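Structure record follows, encoded as structure tokens.
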Amino acid sequence: MRKPAAPRERRFPLHVHISALFTLLLLLTGVVLGLFNYQQTSQIIFSSSSKLFERIQQDVQQGLDNTYRPIRHVLSLLALDPATRSDHLDGRLALLPPFVQALRDNPKLGSLFLGYEDGDFFMVRPLRSDALKQRFDAPPGAAYQVWSIDRSATGTESYYLFYDGSLNQISRRQRLSENYDPRTRDWYKRARGDGGQITTAPYVFFSTEEVGTTLARRSGLTNVLAADLTLDDLSATLAAHRVTANSDLVLADAEGNAVAYPDSSRLIRIEGSSKTLVKVRDINPVLGELLEGQLNKQDQGIVELAKQRWAMAHRHIQEGGPQGLHLALVVPEHELLADAYRIRWQGALITLTTLLLCLPLGWLASRLVVKPLRALVQEAEAIRRFDFDYPASGRSPVLEVDQLAVSMTRMKDTLGRFLDIAASLSAETRFDALLRRVMDSTVAISEAQGGLIYLLDADSGRLEPQGVVLDGEAQDLEELGIRGFALDEPTLPDWLRGPASGGASNAMSIGFDQAGSFRGLLVKLDSPRLHLIAAGLHNRQGDTVGVLVLLQRDEGDGNDSMLRPERLAFVEAVSGSAALCIESQRLLARQKQLLDAFIQLIAGAIDAKSPYTGGHCQRVPELTLMLARAAADSDALEFRDFQPGDEEWEALHIAAWLHDCGKVTTPEYVVDKATKLETLYDRIHEVRMRFEVLKRDAWIAYWQGCAAGGEEAALAGLRDRLLAELDDEFAFVARTNLGGEAMAEADQARLRQIAERTWLRTLDDRLGVSWEEAKRQERSPAPTLPVAEPLLADKPEHLIERPAQELIAPDNRWGFKLDVPQHKFNRGELHNLSIARGTLTAEERYIINHHIVQTILMLDRLPFPKHLQGVSEIAGGHHEKMDGTGYPKRLVREQMSLPARMMAIADIFEALTAVDRPYKKGKTLSEALNIMVGMCKGAHIDPELFALFIRSGIHRRYAERFMLAEQIDEVDEQALLEKAGVL
């Protein structure tokens, strides 16, 4: 059953989205602005309220300070007056003038008084109001009242004394009933127990029924001087700072009693005949609830009190009593934020009006924006179809849409160029040319002015520069000061270190101060700053193989297109394609390097086998290539056709390094044979021991003759002559063992004569030998011991047969033509000592010469590609002679290639001048060349190549590099060429 098609999700045109978004943004902007204005206004109001409350606190604090400080000073001064310690009224009246002066100077001071230890009391009170005068029934004209209580053993006397303003006594009135005792009052008790001044908590004064506080201190040790201080001014201060109509504030003590209030008449509560401070909660329940809560020294904020939100502030003031005072303010939140509410609603109305006016404009603008976008959609569809001929869309007044149209046009061009770059890079086969094409292509497509490429060295791990292109021209790296870096080198710039270590690509600008070793680029580009992109080159495994750096001048016009992300992404894409091509070329190069390293490994192993030929396999290639380059550069007719390409040079290089690879099969003791009797060791030691035995026998014969009664002098003469002969003969044999250029026939005859001497062997020479040697000794019967044997002998067991597999058939497919000795080795002592030239026997000479056969056989087995098929012919022909008498194929000059003839000359010259041959010293330069002249005349080497060898100065350049200083002498090149007949 066919499933019903899923309902298609509805899509709306862009202009609808733009209009809706425009409306929502406008509405959101209005709401945000309204809320922001409301919040900011609220904060401003709260901040202003906070500042107002701080000012109220400061005013109250200052009022308290201004009230208390002068009174404290007055008490401190009056306490020093001796009259304060008088014990009768007349003496205490001396305090009246200073007390009155203090009361005049401090209007807030209600009274000054003294309390004594025996209950006496002395007070001076100003009668400032008619209420006070009426309360104390003061006579007319009275300005001050003195209240004196004097207690003694006879009773208590209490008086009211009234004085006018000039301190003249007007009246004296006795109080018959007096129950006031200062010793029971709190101010007295606290002052007696405190060494300094004390302040009581605010209370209602007993005599004046005013709200105030008492300040007291000791005068002497037992008396207490005190002053009543009214707090009416604080209520006036609070009344002057009302915030709103329904705001309220109060100054209260720690017990919750109101001390100051804007309406001071409400501070005193009458309960029967007593008057006390009213509780704050009785004045204003909201303030009471606030003060009864948990408050800090400073509190401010919005609280809910009595089911209403209030803005409150609270401060604790240290003055005003033992526990200080509390200043509290409450303001209804709706009254405090009335202006903020009004601004919020006004903002909402403005936003709604603006929205209604802008809706049609937004709709029209969205239609205009969408029109070019529709054209871009059609163009994008054409690009998807690879229709790059589709006309470009028109320009748009909207910057982003216009940029999109331009980007689409550029994208079509970029795609085509990118495909062209990928094709051209893939077609390039030469590595150097590939690197140049990578730089040229990426610089052009990225609109840069320069490019620099680094590659990581696989061996050292260093980042090495490979080339730099500036303004389309290749530049010299050394002239610009561009060098390689180790990845852990501190001077490696961070913008290069990241991509080289596998990190992300970098796009940045550098000035002269940051350029470091790259300052040459800024100078060459004539720019104070450079914009650059450093992109890593990664192979198929993701490993970093190098870094591509693109450079752009800073023209000072703000054009930093090189630093844009899209440019960076594009460069990374191009560098990825380039990296794959570079990796392929490097893989081919590494395969060649691997082959070359393997070849040099074989050559090094061959040289390492023998310390006497060490370096031969390395020096011959140098000499061969020097001669080949000279032939390629020569204008001579015989070398005109010799123009080797890269593949021919590669074949010559491999052949030169492998020309002696067959020596790996040659025994070291044959190659290194330094004396005629040497095998794995030098058998001259055995011969010397036989001479020692004969000399011992001479002494034995002498002593035996003496014992038999012979003439001692004659026997001694015979003995000495024999010993001298033996010493001389051994010295001759030892000299013969060293070998040389030639051995005379007379020397060979004397050698045979010495060999006829015999020595007596008493031990079986077949004991303790190897099974192979024992098998060879079986060719002859064992003699009866003791046996007299020749001093130098060629025994049957000295002959070692050649295995059948080493025999070369006359019709072998390689064309070898060699005279193969019957035996593989002939170790006969007389046979070896009789070698006419050098130290090698014919059998050993064949073994050494056989290395060239092994070279050809080994190279013939290698699967060389087509362009290297001639390696075997070149490497295997360096022992051939131009007249066909060489080996192993006895080729003549016409049968040999030019490189093979070059290698023959190189091999001979190196052998003649080498100082590490066991059988001869290295020839001087002139000696070697004169010998080669003879070879040239004898048709052993190519005369034309020898002439080129001399004329091009190869012999001199080689000598300077590889020969000892004492070997390099003067060479008459013209004379050599004349002797060789090649002028």
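All residue numbers for the sequence shown refer to the working numbering, where the first residue is 48 and numbers rise by one.
Heads up, the beta-carbon is just placed ideally off N, CA and C, and yes, glycines get one too.
A quick note: this is a predicted structure, and the numbers were derived from the prediction, not measured.
Alpha-carbon to alpha-carbon, residue j and residue i
i, j, result
"LYS324", "THR261", "Inspection of the sequence shows that residue 324 is occupied by Leu rather than by Lys. LEU324 and THR261: Cα-Cα distance of roughly 15 Å."
"GLU957", "ALA495", "54 Å"
"ILE330", "ILE103", "20 Å"
"ILE903", "LEU572", "58 Å"
"ALA286", "SER311", "9 Å"
"GLU164", "GLN108", "35 Å"
"MET48", "ARG611", "Confidence at MET48 is low in this model, with a pLDDT of 46, below 50, so the placement of that residue is unreliable and no value is reported for it."
"GLY514", "THR591", "18 Å"
"ALA636", "ILE629", "10 Å"
"ILE529", "PRO537", "16 Å"
"GLY875", "LEU798", "13 Å"
"VAL1018", "ARG849", "46 Å"
"ASP767", "THR805", "19 Å"
"ARG362", "PRO369", "16 Å"
"PHE911", "ALA698", "10 Å"
"VAL219", "GLY202", "Looking at the sequence provided, one finds Arg at residue 219 rather than Val. Their backbone Cα atoms lie some 19 Å apart in a straight line."
"GLU204", "GLY243", "31 Å"
"ALA1012", "ARG587", "53 Å"
"HIS706", "TYR934", "14 Å"
"THR76", "VAL448", "26 Å"
"GLY930", "ALA947", "The sequence shown places Asp at residue 930, rather than the Gly named in the question. Approximately 15 Å, taken between the alpha carbons."
"GLN347", "ARG172", "42 Å"
Among the options, nearest to residue i - alpha-carbon criterion
i, options, result
"GLY662", "PRO537, PRO546, ARG1008", "ARG1008"
"TYR728", "LYS968, GLN800, GLU715", "GLU715"
"ASP775", "GLU669, ARG735, THR246, GLU336", "ARG735"
"GLY786", "ILE855, PRO837, LEU887", "LEU887"
"LEU372", "VAL147, LEU278, PHE872", "LEU278"
"LYS936", "ARG813, GLU803, GLU920", "GLU920"
"LEU579", "ARG566, VAL570, VAL596, ASP280", "VAL596"
"PHE645", "TYR308, LEU670, ALA702, MET673", "ALA702"
"GLU941", "ALA986, VAL900, VAL962, LEU909", "ALA986"
"ARG230", "GLN221, ALA248, ALA263", "ALA263"
Status (buried if at least 16 other CB within 10 Å, exposed otherwise) for residue i
i, result
"SER282", "buried"
"CYS753", "exposed"
"LEU517", "buried"
"ILE397", "exposed"
"GLY981", "exposed"
"GLN599", "buried"
"TRP746", "exposed"
"ILE186", "Looking at the sequence shown, residue 186 is not Ile but Pro. Looking at its Cβ environment, which holds fewer than 16 other Cβ atoms inside 10 Å, PRO186 is exposed."
"GLN638", "exposed"
"THR246", "buried"
"GLN192", "buried"
"PRO154", "exposed"
"ARG666", "buried"
"GLY558", "exposed"
"GLU114", "Note on identity: in this sequence residue 114 is Thr, with Glu being the wrong assignment. THR114 is buried by the Cβ-count criterion."
"HIS732", "exposed"
Residue i (DSSP reduced to helix, strand or coil)
i, result
"ARG860", "coil"
"VAL1029", "coil"
"ARG730", "coil"
"LYS970", "coil"
"MET48", "Caution is warranted here: a pLDDT of 46 is assigned to MET48, below 50, making its placement in the model unreliable, and the coordinate value is therefore given only provisionally. Correct three-state label for MET48: coil."
"ASN293", "coil"
"GLU848", "strand"
Contact between the segment 797-813 and the segment 825-834 (3+ Cβ pairs under 8 Å): yes
Cβ pair count under 8 Å reaching 3, the segment 213-220 against the segment 238-252: no
Determine, using beta-carbon pairs with one atom in the segment 818-827 and one in the segment 857-876, whether at least three such pairs fall under 8 Å. no
Is it true that the segment 971-981 meets the segment 923-938, where meeting means three or more beta-carbon pairs spaced less than 8 Å apart? no
Is the segment 263-278 in contact with the segment 139-158, if contact means three or more CB pairs nearer than 8 Å? yes
Answer yes if the segment 164-183 comes into contact with the segment 194-206, meaning at least three C-beta pairs across the two stretches below 8 Å, and no otherwise. yes
Are there three or more Cβ pairs, one per stretch, closer than 8 Å when the segment 119-132 is compared with the segment 142-150? yes
Does the segment 882-899 touch the segment 679-687, meaning 3 or more C-beta pairs lie closer than 8 Å? no
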